[in-house]
Amino acid sequence: MPIEVKVVSQAAYDAWLVSAKKLFASADAPQLVQVASNN
1 MPIEVKVVSQ AAYDAWLVSA KKLFASADAP QLVQVASNN
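Shown next as structure tokens:
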């Protein structure tokens, strides 16, 4: 997979960062890893 580097303004980066946080840091995501408990 090629790596792509883009030069953008600080404002464009800040706008992307806000949307990326909402998209990738969602608390609604299913839990992919479950740890067994020893009860």
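Residues 1 to 39 in full-length UniProt numbering are what the sequence shown lists, from first letter to last.
Where is the CB? At the ideal position from N, CA and C, for every residue including glycine.
Legend entry - Distance CB(Trp16)-CB(Val8) smaller than 9 Å: Within the sequence shown, residue 16 is the residue found at index 16, counting from 1. Within the sequence shown, residue 8 is the residue found at index 8, counting from 1. Taking 9 Å as the cut-off, the beta carbon of Trp16 is found closer than this to the beta carbon of Val8.
Legend entry - Local conformation of Ser9 per DSSP, three classes: Residue numbering aside, residue 9 sits at position 9 when the sequence shown is read from its first letter. Three-state DSSP puts Ser9 in coil, outside helix and strand.
Legend entry - Separation of Asn38 from Ala20, as counted between CA atoms: Here the question's residue 20 lines up with position 20 in the sequence shown. Here the question's residue 38 lines up with position 38 in the sequence shown. Taking the straight line joining both Cα atoms gives about 37 Å.
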